[in-house]
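Have a look at the structure below, then the notes.
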DNA sequence: TGTACAATCATTGTATACAATCAACCCTAG
DNA sequence: CTAGGGTTGATTGTATACAATGATTGTACA
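Below is the structure:
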């Protein structure tokens, strides 16, 4: 199956999203020639995209063997959440000081989305909204290096939450914690925002059930077709 | 000037070192074809190396324009040191808990080097020894994600210290602070190690003179020749 | 003289052909 | 039936040719 030609950035976005939402199951091999054919380009830009995903820890590249979708072990998950716990409270502190009105709007938007998806019993979409909310918060901290690292760590935690079962989590609590965090930022109460962020992360981790893996898997062609406009 | 063929990893190391030590002056354009000729390979592996350096913030790539050696502004320097201040004390805490005997040996080795280079009045080499010492510390924390981010941030701070003038700093104090830090880690006193690391960073920053830029610059060919074995 | 515009050139971006690598398979000898 | 070793095939790694981009220079015209 061949599609219309696509730009490198677009290809990156599609693959990133697919890994992000665990539609490409962790461990899947990404073969350059197949992707090239699917996206209607040569292997050259595909290699660039895979290389970028490697630096973001979303794929692992084994020399002369190939690229494989990142597959977090529970031990790695713990290390990832540890780093998130190190970075996010401080970034939240800065966000409370520096958030622009458009940052605040963005946070609000995704909070509403989260609530809406919970009510519609679509936890998978709610998780995406939560990710976007947290992303909006860290973007507001205005330190590009901190943003870069936290964005990466946040993506990894999102993959973990999507890949492992979190159905036991209390959705109402989750939404309330996020709203409280937003309120603290909105009121420029940086200390309180930091403390809320600090307490928030353990409440995410405790609901992960590492014994149950979920399955959202799609084929490469399904993914390409879905994201291809028209 | 053409040289014997070299592997991608080796090329990466050479370019990284050259940028790291400000031998390639910040702002220098790195032209793919020149590097390819210099290293005796095609543009393909050069592009891979430049792309990697880009993800490590050591070069900036402007699309359709080229790759340029990272050129830190004082404002960026502040943001970089801020992130270092966020990460390094905690990593030092973990290092005190987890350092292996070979980690400790490594730290000790570079402490001696630092002292030795100061005595020989070679501040530039002493800076490199300090970097290696700090690197040994963070490696001991055993969290691969934290190590990755701190390694990057540490490299950026090293570039800043090499690029701007720090000749006013008190070399004896510096060495003593490092030895104290090592002692705390050696004694597994994690809390003290963390505190020392916390106090150490401001004492680095205060000696930077952003008004004076130093010049260590070499041409690409000089760099290739110097690092080429034989 | 200064500005708009066209041609030129250096450089990056992409496609394709070929080389190198490694795993899996099969075949043979013990 | 098993262990060793060579062969094959799928995949990545590299070189090279060509296309696209955008800055620079030169030039005509106001």
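Chains as they are written, first to last, in the numbering used here: chain A, 1 to 230; chain B, 231 to 460. Idealized CB from N, CA, C, for every residue including glycine.
As assigned by DSSP and simplified to three states, the class of residue i
i                      : result
residue 268 of chain B : helix
residue 148 of chain A : helix
residue 207 of chain A : coil
residue 460 of chain B : Confidence is the limiting factor: at residue 460 of chain B the pLDDT is only 41, short of 50, which leaves the residue's position unreliable, though a coordinate-based value still follows. If DSSP states are grouped into helix, strand and coil, residue 460 of chain B belongs with coil.
residue 279 of chain B : helix
residue 5 of chain A   : coil
residue 142 of chain A : coil
residue 120 of chain A : coil
residue 260 of chain B : strand
Range of the contiguous beta strand (DSSP E) that encloses residue i
i                      : result
residue 126 of chain A : No beta strand (DSSP E) holds residue 126 of chain A; the alpha helix (DSSP H) holding it covers 123–139.
residue 188 of chain A : Neither: residue 188 of chain A is in no beta strand (DSSP E) and is coded neither H nor E.
residue 69 of chain A  : 66–69
Where the alpha helix (DSSP H) containing residue i begins and where it ends
i                      : result
residue 166 of chain A : Where residue 166 of chain A is concerned, there is no enclosing alpha helix (DSSP H), given that its DSSP letter is neither H nor E.
residue 84 of chain A  : 74–98
Span separating the alpha-carbon of residue i from that of residue j
i                      : j                      : result
residue 241 of chain B : residue 279 of chain B : 7 Å
residue 200 of chain A : residue 132 of chain A : 16 Å
residue 96 of chain A  : residue 216 of chain A : 36 Å
residue 193 of chain A : residue 63 of chain A  : 44 Å
residue 160 of chain A : residue 150 of chain A : 15 Å
residue 222 of chain A : residue 39 of chain A  : 12 Å
residue 252 of chain B : residue 202 of chain A : 42 Å
residue 244 of chain B : residue 256 of chain B : 16 Å
residue 72 of chain A  : residue 28 of chain A  : 13 Å
residue 128 of chain A : residue 290 of chain B : 31 Å
residue 443 of chain B : residue 19 of chain A  : 44 Å
residue 172 of chain A : residue 57 of chain A  : 32 Å
residue 348 of chain B : residue 339 of chain B : 15 Å
residue 274 of chain B : residue 7 of chain A   : 19 Å
residue 271 of chain B : residue 360 of chain B : 34 Å
residue 105 of chain A : residue 111 of chain A : 10 Å
residue 304 of chain B : residue 408 of chain B : 25 Å
residue 261 of chain B : residue 168 of chain A : 55 Å
residue 139 of chain A : residue 313 of chain B : 15 Å
residue 66 of chain A  : residue 211 of chain A : 28 Å
residue 235 of chain B : residue 454 of chain B : 12 Å
residue 271 of chain A : residue 80 of chain A  : Not covered by the structure: residue 271 of chain A. The range shown for chain A is 1 to 230.
residue 24 of chain A  : residue 218 of chain A : 6 Å
residue 231 of chain B : residue 246 of chain B : A caution first: residue 231 of chain B carries a pLDDT of 47, below 50, which makes its placement in the model unreliable, though a value can still be read off. Going by the C-alpha atoms only, they are around 21 Å apart.
residue 226 of chain A : residue 385 of chain B : 41 Å
residue 450 of chain B : residue 209 of chain A : 53 Å
residue 190 of chain A : residue 184 of chain A : 7 Å
residue 144 of chain A : residue 113 of chain A : 26 Å
residue 35 of chain A  : residue 46 of chain A  : 7 Å
Chain-ordered neighbours of residue i on chain B, where CB pairs are closer than 8 Å
i                     : result
residue 79 of chain A : 373, 374, 375, 376
residue 90 of chain A : 316
Among the options, nearest to residue i - alpha-carbon criterion
i                      : options                    : result
residue 345 of chain B : B:272, B:405, B:436        : B:405
residue 435 of chain B : B:372, B:373, B:394, B:324 : B:394
residue 354 of chain B : B:323, B:334, B:388, B:337 : B:388
residue 162 of chain A : A:221, A:122, A:44, A:93   : A:122
residue 333 of chain B : B:356, B:365, B:446        : B:365
residue 285 of chain B : B:343, B:328, B:300, B:272 : B:300
residue 78 of chain A  : B:455, B:266, B:416, B:372 : B:372
residue 324 of chain B : B:398, B:297, B:376, B:252 : B:376
residue 416 of chain B : B:295, B:330, B:261, B:306 : B:330
residue 52 of chain A  : A:9, A:82, A:73            : A:9
residue 181 of chain A : A:170, A:22, A:107, A:59   : A:107
residue 137 of chain A : A:113, A:155, A:88, A:153  : A:88
residue 166 of chain A : A:224, A:191, A:126, A:24  : A:126
residue 153 of chain A : A:76, A:35, A:66, A:37     : A:76
residue 427 of chain B : B:439, B:457, B:321, B:374 : B:321
residue 188 of chain A : A:37, A:85, A:98           : A:98
Beta-carbon neighbours of residue i, restricted to chain A and to distances below 9 Å
i                      : result
residue 313 of chain B : 87, 143, 145, 146, 149
Beta-carbon neighbours of residue i, restricted to chain B and to distances below 9 Å
i                      : result
residue 51 of chain A  : 278, 281, 282, 285
residue 177 of chain A : The premise fails here: residue 177 of chain A is roughly 23 Å from chain B at the closest Cβ pair, so nothing lies under 9 Å.
residue 153 of chain A : 375, 379
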